[in-house]
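What follows is one structure encoded as structure tokens, with my remarks underneath.
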Amino acid sequence: MTDTLNMNNAHASEPAPLQLATASGGGAGATGAGGNGGAGGSSEGGGTGGNAGSFAGEVGTPQKGGDGGGNIILVVGKGGQTGAMYPAGGTITADIKGETGGTAQGGGGGGGAGVTASGTLTVNASVLGGDGGAGGETSLFMAGGGGGGTGLLFTGPGRVTVNQSGVVTGGSSLNEGSNANGGGAVGLYFDGDHAQDSSLVNRGAIRGGNSIGGGGGAAVVLTDNVVLNNQGTILGGIADLASDGSKQAGGAGVLVLGDYTVISHTATGATIEGGSSPDATVPIPPAIRMVGNTNEVYTSSHILGGTNLSDKSRGNAIELLGIRGKLGIQNGYSFSGNVVCNGQGPYILQLGGPTDVANLDLSTIGPVGSDALLQGFTQFEKVGNTTWTLTGRLGTAGLWTIWEGVLKLSGTGDLSLASDILIGEGTGASPVLDISSVSAGTSTVQRLSGTRDARVILGEKTLVIANGVGIFEGVISGAGGVTIATPTFQTFSGNNSYTGMTTVEGRLVLNGALSGDVTVAAILVMEAATISGTVTVGEYSYIDIGVGSKTIKGDLVFINARSHVRYYPIPITPDALMIKVNGNVNLNNVTVSINPLAGSYAPGTYGLIEAGGKMTGVATHGSLPPGGTLQVLGNRLNLVVAG
2 MTDTLNMNNA
12 HASEPAPLQL
22 ATASGGGAGA
32 TGAGGNGGAG
42 GSSEGGGTGG
52 NAGSFAGEVG
62 TPQKGGDGGG
72 NIILVVGKGG
82 QTGAMYPAGG
92 TITADIKGET
102 GGTAQGGGGG
112 GGAGVTASGT
122 LTVNASVLGG
132 DGGAGGETSL
142 FMAGGGGGGT
152 GLLFTGPGRV
162 TVNQSGVVTG
172 GSSLNEGSNA
182 NGGGAVGLYF
192 DGDHAQDSSL
202 VNRGAIRGGN
212 SIGGGGGAAV
222 VLTDNVVLNN
232 QGTILGGIAD
242 LASDGSKQAG
252 GAGVLVLGDY
262 TVISHTATGA
272 TIEGGSSPDA
282 TVPIPPAIRM
292 VGNTNEVYTS
302 SHILGGTNLS
312 DKSRGNAIEL
322 LGIRGKLGIQ
332 NGYSFSGNVV
342 CNGQGPYILQ
352 LGGPTDVANL
362 DLSTIGPVGS
372 DALLQGFTQF
382 EKVGNTTWTL
392 TGRLGTAGLW
402 TIWEGVLKLS
412 GTGDLSLASD
422 ILIGEGTGAS
432 PVLDISSVSA
442 GTSTVQRLSG
452 TRDARVILGE
462 KTLVIANGVG
472 IFEGVISGAG
482 GVTIATPTFQ
492 TFSGNNSYTG
502 MTTVEGRLVL
512 NGALSGDVTV
522 AAILVMEAAT
532 ISGTVTVGEY
542 SYIDIGVGSK
552 TIKGDLVFIN
562 ARSHVRYYPI
572 PITPDALMIK
582 VNGNVNLNNV
592 TVSINPLAGS
602 YAPGTYGLIE
612 AGGKMTGVAT
622 HGSLPPGGTL
632 QVLGNRLNLV
642 VAG
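Quick note on numbering: my numbering labels position 103 of the sequence shown as 104, and the sequence is numbered without any gaps.
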């Protein structure tokens, strides 16, 4: 059974209404000379009454619009009554409109709210806030018109569904006359509950109220812990220029004032659009403005910033202004206007979607104040089984995490400014970084880390790891190569299958496998390591030997005596630290050092390098344990410790 109360019939028996702290449904002109129209509605209930004479109009309440202002001479307009109440929820099947504010010599009355409700509410008809009443047109007092009333005021926790036949609209303030007006009202105000979840599903249309001389109303206002699933149309209110020059900004499409609110905007054809402002001297409203904390937007449809009526330029599509925020984009997303993150952050840009292929131009990402479409994001993540293809050069630093699916660089795609690439374990398809389609021969990342299911596909390209400390446990594949640049400290612990050259200009700890050749121009640390190709150790370069089986299936070549091999732990068995080389070994006076801090060596012979082919040249003594000498015996290089 629907619990509905008609406010026009029940007003006399109600308790005294509570005054709300902010302008309800839009303000009005200033006292005395009238002044500019009031700001568009961003809060609850009936519209604010218009100002006139020495008194301001009253603030509206959930029960009625505010009475107009005036003085002892002027008769003021009465606020309109709320159209209907649904305190226990129900279904709206017939059109409802809040009462229009009264017209008078003084300030016009504020429009009444269309509907106030709680619980679970379904809207299958039109719900319209009452329009503000016109103020008097006397030039002596310049009375202002009243603000419009909120279309639907809902108090959570609860659920609101606006079906395809449903239209919710904030009341307007359009009775210009020669004086300032109030603002247009909020279309749907959802006051959520911080402790409990609430939801708003829109399959129809929600619009903010319009104004001449005042501000346009926001279409939707959300407070705490509300999930908005938009499958229809959301449009902020229009603010037009009054004949006396009064003007304010238009209304946002969605205004989020609270925390932990999520906007899901993934239905085909759905739109969220800001309202319109009269000209460039007042702000253009965004489609979405989030001023609370830990709020999120997910979109695969159209989000359009509001417009400037004079030149049709666009405002921002989305503004994230609180602490922590996330924007998730999927295939089909589009923005008219920029996305600007300009609060305390961090702000995450998420590339997602179920199975689609999607594209992003990295040059559209940049810092706040730049010309970039996507401004101020500090972290980036890839989720879902989609393949996202990235072109262009990234314009800002930040951590990139690939949780699932494929992140593919193509053409000019360049992530070299990213502070870190982390390829992690998600719940879907294995996470992949694919650089095989870049136009250049190399692709640079600052730091690379990854878990065991991580994959990097090189194709025939070379991946340059430029800086930082990274641990990569996954697999790198392809015919290309990898360069560990200075001053990178990189660890590989997976069984990598790429067949190109590995160039070590920084420090590489290998606790896994490499399939190609290796050129050491700095430090290669071999622990439990297998290298299928040939290893060449250059001048002032080092192979450091740790615990574990070490195999080089190709040749091992030291350039000269300024090439080094260093052994750190004490071997448990005589050949425990042995480098086993299937091919030939050219010692070429390599300098061999044994860590003197490891402890004493028992007398005996310890294998250092063994060649499956020929061993040529001799080794140079570096730091050796007491009584130790180097010995080349056939195809072996040994450390001999005298007794």
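Ideal placement from N, C-alpha and C gives every residue a C-beta, glycine not left out.
In the structure shown, the three-state DSSP call for Leu395 is coil. In this structure Thr621 touches Val591 by the C-beta definition: roughly 7 Å separates them, less than 8 Å. Check the Cα spacing between Gln632 and each of Gly396, Asp312, Gly614 and Leu609: the tightest is with Leu609. When secondary structure is reduced to three states using DSSP, Ser371 falls in the coil class, being assigned neither helix nor strand. If the five residues before and after Val257 are omitted, its C-beta is found closer than 6 Å to the C-beta atoms of Leu223, Met291, Gly293 and Asn296, all from its own chain and listed in chain order. Contact between Gly193 and Gly157 holds, since their C-beta atoms are separated by about 4 Å, short of 8 Å.
For Glu320, the number of other beta carbons within 10 angstroms of its own is at least 16, and it is reported as buried.
Take the alpha-carbon of Gly460 and the one of Ala480: they are about 6 Å apart. Here Val358 is exposed. Its C-beta has fewer than 16 other C-beta atoms within 10 Å. Secondary-structure assignment with DSSP links Asn309 through a beta bridge to Ser278. Under the three-state reduction of DSSP, Thr365 is assigned to helix.
Residue range Ala85 to Tyr87 is occupied by the beta strand (DSSP E) that includes Met86. In this structure the region 493 to 500 touches the region 463 to 482; the number of beta carbon pairs closer than 8 Å is three or more.
Per DSSP, the beta bridge partners of Val593 are Val566 and His622. Closest option to Trp389, judged by alpha-carbon separation, among Trp404, Glu426, Ser166 and Ala196: Trp404. For Tyr261, there is no enclosing beta strand (DSSP E), as DSSP marks it with neither H nor E. 8 Å or more divides the Cβ of Gly275 from the Cβ of Leu229.
Taking each of Gln345, Gln197, Thr117 and Gln232 in turn and checking the Cα distance to Asn203, the smallest one comes out for Gln232.
Val510 is a Cβ neighbour of Val526, given a cutoff of 8 Å. Here Val470 is exposed, its C-beta having fewer than 16 other C-beta atoms within 10 Å. Taking 8 Å as the upper bound for CB-CB distance, Asn317 and Asn339 are in contact here, some 5 Å apart. With respect to Gly188, Ala240 sits apart: the two C-beta atoms are not nearer than 8 Å. Per the C-alpha coordinates, the member of Ser301, Ile580, Asn639 and Pro287 positioned closest to Thr552 is Ile580. The straight-line gap separating the alpha-carbon atoms of Lys383 and Thr487 is approximately 28 Å. Counting only runs of 3 or more residues that sit fully inside the region 499 to 544, the beta strand (DSSP E) segments are 503 to 505, 508 to 511, 519 to 521, 524 to 527, 530 to 532 and 536 to 538, in chain order. Counting C-beta pairs closer than 8 Å gives fewer than three between the region 600 to 607 and the region 529 to 548, which falls short of the contact rule. Contact between the region 447 to 464 and the region 422 to 430 is established, with three or more Cβ pairs separated by less than 8 Å.
Beta bridge pairing from DSSP links Ala240 with Ser212.
In the DSSP assignment, Glu382 falls within the unbroken beta strand (DSSP E) covering Gln380 to Lys383.
Residue environment analysis places Ile289 among the buried positions, since at least 16 neighbouring C-beta atoms fall within 10 angstroms of its C-beta. When the beta-carbon positions are compared, Ile466 and Ile436 stay at least 8 Å from each other. Note that the C-beta distance between Gly172 and Gly150 is below 8 Å. Closest by C-alpha distance to Leu122, out of Leu625, Asn386, Glu100 and Thr162, is Thr162.
Shown here for Arg208: same chain residues with a beta carbon closer than 6 Å to its own, the five before and five after excluded, namely Thr170, Gly188, Ala220 and Leu236 in chain order.
If you check the CB distance, Ser417 and Val457 do not come in under 8 Å.
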